[in-house]
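Chains as they are written, first to last, in numbering that gives the first Met the number 0: chain C, 0 to 265; chain V, 0 to 258.
Backbone N, C-alpha and C define an ideal beta-carbon position, used for all residues, glycine too.
A short worksheet on the structure shown next.
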Amino acid sequence: MAPYPEQAELSGREFWTLSFLGLLMFFGAWSVLALSGLMPSMFLPTPWAVAERAVELTFHPFAGYTIQVHLISSIGRFLLGFGLAAAIGVPLGLAMGWFRWLDAAVTPLLEAVRFVAPIAWVPFAALWFGTGIGGPTLIIFTGAFPPALINAYRGARFVEPRLIEAARTLGAGNWRIIVEVLLPASVPSIVAGLRISAGLGWQSLIGAELIVASSGIGYLMVKGQSSISTTTVMSGMIAIGAVGFAIDVLLRRLQRRIEAASGIGE
Amino acid sequence: MALDSRRSGALVGVAAVAAVLLAWYLLTSVTGFIGPTRFPAPGEVGAALKQIAFDGYADGKLYQHVLQSCKLILMGFAAAVIVGVPLGLAMGFSRRIEAFVNPAFLLLRPIPPLAWIPLAIVWLGLGDAAKILVIWFAAFVPSVINSYTGVRSIDAHLLEAARTLGIQKRRLWLEVLVPGAAPHIFTGLRLSLQAAWTTLVAGELIGALQGLGQVLNVAAQDIYPAMILVGMIFVGLCGGGMTWVLGRIERYAMPWRRA
Chain C
0 MAPYPEQAEL SGREFWTLSF LGLLMFFGAW SVLALSGLMP SMFLPTPWAV AERAVELTFH
60 PFAGYTIQVH LISSIGRFLL GFGLAAAIGV PLGLAMGWFR WLDAAVTPLL EAVRFVAPIA
120 WVPFAALWFG TGIGGPTLII FTGAFPPALI NAYRGARFVE PRLIEAARTL GAGNWRIIVE
180 VLLPASVPSI VAGLRISAGL GWQSLIGAEL IVASSGIGYL MVKGQSSIST TTVMSGMIAI
240 GAVGFAIDVL LRRLQRRIEA ASGIGE
Chain V
0 MALDSRRSGA LVGVAAVAAV LLAWYLLTSV TGFIGPTRFP APGEVGAALK QIAFDGYADG
60 KLYQHVLQSC KLILMGFAAA VIVGVPLGLA MGFSRRIEAF VNPAFLLLRP IPPLAWIPLA
120 IVWLGLGDAA KILVIWFAAF VPSVINSYTG VRSIDAHLLE AARTLGIQKR RLWLEVLVPG
180 AAPHIFTGLR LSLQAAWTTL VAGELIGALQ GLGQVLNVAA QDIYPAMILV GMIFVGLCGG
240 GMTWVLGRIE RYAMPWRRA
């Protein structure tokens with residue numbers, strides 16, 4: 000039992016009342032600030048004005064396209080960058096977990112670039128791959144790559160040694176050990192890493208689009224910002240939050256399924 | 000295949016770094032396979048470093064850009080920690096506060112910190128205040144979440160003991176809850192710091208008068224790859240340096256966890 004009364008589980012009714020009051024406070028304070036004129040409505044529109052604008056953006060093109068089209072082009076870039084990060088990061092991580100020399104060679108190189116924020120790659124990304132698809136994709140890649148690699152590596156390093164010994168004794172070569180022992184055993188760790196990757200990748204995408212893109216949800220927000228259309232900026236924020244949330248929910252489902260299948264989740 | 004000793008591992012590491020540096024030198028300076036508009040040669044990077052350090056670039060010398068960026072990080076980070084850690088601790092301790100605050104927090108949490116940049120610019124312009132606000136957002140969420148987790152992870156027996164011994168509220172916080180949650184709090188601070196750097200660089204790339212992001216921005220416009228690389232190197236050094244300092248503080252603050 001909880002030692003302090005503050006820590007006691009709330010009754011369902013109390014929980015929902017408090018949650019509702021909290022939300023009411025949030026939207027109430029926002030509306031009051033907006034309506035009272037303390038913040039001019041140009042800078043802080045009311046919640047319903049934002050909702051109205053978000054709906055309007057679905058059929059009125061802004062910055063060239065409707066909000067769905069911007070979102071689709073963002074998601075396309077995201078999938079490309081994230082896919083590349085997973086396709087390179089996971090195999091490399093597994094191989095580093097198996098071959099010590101590869102680990103010794105790659106780790107110092109990664110350490111050297113670890114603290115360079117993904118967004119700092121924007122100038123080179125634009126210089127090398129332009130501002131269409133290539134540039135933003137590289138930024139997403141730099142954001143999503145490290146967690147994909149690190150978790151695959153950790154997964155491979157902490158595989159039950161008996162499994163590896165058994166495989167070895169039965170005459171499996173390096174390739175078969177990596178594909179048939181390390182990979183299946185590290186799947187839970189890999190998926191956990193991909194969830195982090197996806198979050199960071201999505202976030203880096205927004206940064207890239209704010210700076211160097213000609214379509215996409217970040218671009219929509221920049222245009223909204225330069226025409227001081229706060230409702231458009233906030234609609235963009237909602238769309239970004241919703242898609243980011245959806246990506247996380249999907250991956251979390253996948254993670255649960257895999258954990259259940261491999262018997263970790265119980 | 001398998002290298003047993005740590006020494007040969009370090010040797011391979013040094014060799015790998017040397018190989019990359021050598022390849023860089025060969026591809027740029029010697030053969031010119033990669034042109035100077037794509038990636039700078041080592042000599043050019045040295046020249047760019049000298050230029051920004053002594054003559055200045057993008058309206059400031061190197062140390063001014065570094066100081067400017069570090070100043071904004073520290074201000075935004077400190078503001079986020081001062082608000083976020085107590086809020087997270089309170090949410091972790093009291094179910095009522097958690098129920099009250101959580102819905103709004105859950106609504107705002109999926110919005111990446113970078114997505115606040117346009118709004119911050121509309122509200123506060125391109126000056127320091129907008130960047131501090133965005134850094135605050137970036138660092139706030141991990142501070143809250145990890146402090147919350149920290150309190151929840153405290154052994155219930157400790158709290159029971161504290162209660163049975165009749166500890167006062169003030170001492171409960173200072174001597175049980177904060178130290179108990181400290182490992183998680185520091186994890187949160189490290190994540191916060193990383194998020195803060197990413198956000199700052201993005202904010203400065205979009206518009207600033209000084210700072211490392213601004214160096215990158217001007218260098219990108221001038222198509223000056225050597226200076227871009229210098230900017231990136233210093234972004235990495237500052238981020239790494241601050242993380243190292245935080246690690247020292249962590250060791251100092253939690254002597255009971257030192258190995």
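Confirm, please, whether the CB-CB distance from V/Gly126 to V/Val263 is below 9 Å. Because chain V is modelled from 0 through 258, residue 263 of chain V falls outside the range shown and cannot be assessed.
Are V/Leu137 and V/Pro109 close, meaning C-beta to C-beta below 9 Å? Per the sequence shown, residue 137 of chain V should be read as Ala rather than Leu. In this structure, V/Pro109 does not lie closer than 9 Å to V/Ala137 by Cβ.
Quick check on C/Phe19: does DSSP put it in helix, strand or coil? helix
Grab the span of the alpha helix (DSSP H) containing V/Ser191 for me, first residue to last. 177 to 205
Where does C/Tyr152 sit, in a helix, a strand or coil, going by DSSP? helix
Cβ of C/Phe114 within 9 Å of any chain V Cβ: yes
DSSP three-state label for C/Ile257, please. helix
Bridge partner(s) assigned by DSSP for C/Phe157: Answer by DSSP bridge pairing: none, since C/Phe157 is not bridged.
Tell me where the alpha helix (DSSP H) around V/Glu43 begins and ends. 41 to 49
Mark V/Thr36 as exposed unless 16 or more other C-beta atoms lie within 10 angstroms of its C-beta, in which case mark it buried. exposed
My output table needs one value for V/Phe92: the three-state DSSP class, helix, strand or coil. helix
Of the residues C/Asp102, C/Ala166, C/Arg161, C/Ala48, the one placed nearest V/Arg5, counting alpha carbons only: C/Asp102
Chain C contact for V/Gln209 (CB, 9 Å cutoff): no
Beta-bridge partners of C/Tyr64, as assigned by DSSP: C/Phe61
Compare the C-beta of C/Leu32 against all C-beta atoms of chain V and say whether one is closer than 9 Å. no
Alpha carbons only, please: which of C/Trp127, C/Ile74, C/Ser40 is nearest the one belonging to C/Ala245? C/Ile74
Using a Cβ-Cβ cut-off of less than 8 Å, give me the residues of the stretch 96 to 113 of chain C that come near chain V, in sequence order. Phe98, Arg99, Trp100, Asp102, Ala103, Ala104, Val105, Thr106, Pro107, Leu108, Ala111, Val112, Arg113
DSSP three-state label for V/Ala166, please. Reading off the sequence, residue 166 of chain V comes out as Ile, not Ala. In the structure shown, V/Ile166 sits in coil (DSSP, three-state: anything other than H, G, I, E or B).
Can you list the residues of chain V that C/Leu20 reaches, using a CB-CB cut of under 7 Å? Phe99
Taking only beta-carbon positions, decide if V/Asn216 is within less than 9 Å of chain C. yes
Reference C/Arg161; option with closest CA among C/Arg252, C/Ala184, C/Ala151, C/Ser226: C/Ala184
Against chain C, which members of the stretch 148 to 176 of chain V pass a CB distance test of less than 7 Å? Ala155, Leu158, Glu159, Arg162
Chain C contact residues for V/Pro85, given Cβ-Cβ distances below 9 Å: Going along chain C, no residue has its Cβ under 9 Å from V/Pro85, so there is no contact; the nearest lies around 15 Å.
State the CB to CB distance for the pair V/Ile131 and V/Gly75, rounded to an integer number of angstroms; the pair is presumed to be in contact (CB under 8 Å). 4 Å
Determine whether the Cβ of C/Glu51 lies closer than 9 Å to any Cβ atom of chain V. no
Please list the partners that V/Pro102 has in chain C, where partner means a Cβ-to-Cβ separation under 7 Å. Ser18, Gly21, Leu22
In its own chain, which residues sit with a C-beta less than 8 Å from the C-beta of C/Ile195, not counting the 5 before and 5 after it? Pro146, Asn150
Return yes when the C-beta of C/Arg256 is under 8 Å from any heavy atom of the ligand MN, and no when it is not. The ligand MN is not part of this structure, which contains no ligands at all.
Does DSSP put C/Glu8 in a helix, in a strand, or in coil? coil
Buried or exposed: where does C/Thr57 fall if 16 or more other Cβ atoms within 10 Å of its Cβ makes it buried? exposed
Hey, which unbroken runs of the alpha helix (DSSP H) at 4 residues or more fall wholly within the stretch 94 to 157 of chain V? 94 to 107, 116 to 123, 127 to 151
What separation, rounded to the nearest whole angstrom, lies between the Cα atoms of V/Gln63 and V/Ala52? 9 Å
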